[in-house]
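Novice: Sharing a structure, written as structure tokens. Questions coming.
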């Protein structure tokens, strides 16, 4: 079972229909709206906590702390992670922006586990 602790949440306007993006990495567009991460290894502002279904609706984003998130594969606790092109957790690779570490491995792809969201440097 995925766990969370006290999160540092922020609210931003959604830049798209994000109803299928809950518990995935998100970023800000040039208008300051939340949109889904769409490139593997890119930076993220946080993890979407709700599922706004239209542009302009409030998107609640965890910008720090232990949060639930969707995994792309089984990844062991303590491993540095990044986003894949769908906003799911993947193991950080060369050139990826490190977004945190795994806290709880859900055991496979498309399952919800837990991470400590701590944006850091790029993997050399």
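In our numbering, the protein residues as written are 18 to 141.
For glycine and all other residues, C-beta sits at the position ideal for the given N, C-alpha and C.
Within 10 angstroms of the Cβ of residue 92, are there 16 or more other Cβ atoms? Answer buried if so, exposed if not.
Specialist: Indexing the chain shown from 1 puts residue 92 at position 75. Result: buried.
Novice: Given a threshold of 16 other Cβ atoms within 10 Å of its Cβ, counted over all protein chains shown, does residue 69 qualify as buried or as exposed?
Specialist: Position 52 of the chain shown holds residue 69. Classification for residue 69: buried.
Novice: Can you tell me the Cα-Cα spacing of residue 53 and residue 90, whole angstroms?
Specialist: Position 36 of the chain shown holds residue 53. Position 73 of the chain shown holds residue 90. Taking the straight line joining both Cα atoms gives about 19 Å.
Novice: Can you give the Cα-Cα distance for residue 139 and residue 51, rounded to whole angstroms?
Specialist: If you number the chain shown from 1, residue 139 lands on position 122. If you number the chain shown from 1, residue 51 lands on position 34. Going by the C-alpha atoms only, they are around 22 Å apart.
Novice: Look at the alpha carbon of residue 137 and the alpha carbon of residue 111, and state the distance between them as a whole number of angstroms.
Specialist: In the chain shown, the residue the question calls residue 137 occupies position 120. In the chain shown, the residue the question calls residue 111 occupies position 94. Whole-angstrom Cα-Cα distance: 14 Å.
Novice: Assign residue 122 to one of three DSSP states: helix, strand, or coil.
Specialist: Numbered from 1 along the chain shown, position 105 holds the residue referred to as residue 122. It is coil, neither helix nor strand.
Novice: If you drop the 5 nearest sequence neighbours on each side, which residues of the same chain put their C-beta closer than 8 Å to that of residue 125?
Specialist: Sequence index remark: in the chain shown, residue 125 carries index 108 (1-based). 88, 90, 91.
Novice: Where in the segment 26 to 83 do unbroken runs of the beta strand (DSSP E), each at least 3 residues long, occur, reported from the N-terminal end onward?
Specialist: For the segment 26 to 83, whole beta strand (DSSP E) runs of length 3 or above, ordered along the chain, are 42 to 45, 51 to 53, 63 to 65.
Novice: On a Cα-Cα basis, can you pick out the residue from 27, 103, 32, 40 that is closest to residue 19?
Specialist: Start at 1 with the first residue of the chain shown, and residue 19 comes out as number 2. Among 27, 103, 32, 40, the Cα nearest to that of residue 19 is on 40.
Novice: Could you spell out the range, first to last residue, of the beta strand (DSSP E) harbouring residue 133?
Specialist: Taking the first residue of the chain shown as 1, we reach residue 133 at position 116. From DSSP, the beta strand (DSSP E) with residue 133 extends over 129 to 134.
Novice: Going by other Cβ atoms of all chains shown within 10 Å of its Cβ, with 16 needed for buried, is residue 100 buried or exposed?
Specialist: In the chain shown, counting from the first residue as 1, residue 100 sits at position 83. The residue is buried, with at least 16 neighbouring Cβ atoms inside 10 Å.
Novice: Quick check on the burial criterion: 16 or more other C-beta atoms within 10 angstroms. Buried or exposed for residue 75?
Specialist: Stepping through the chain shown from its first residue, residue 75 is reached at position 58. Residue 75 should be labelled exposed.
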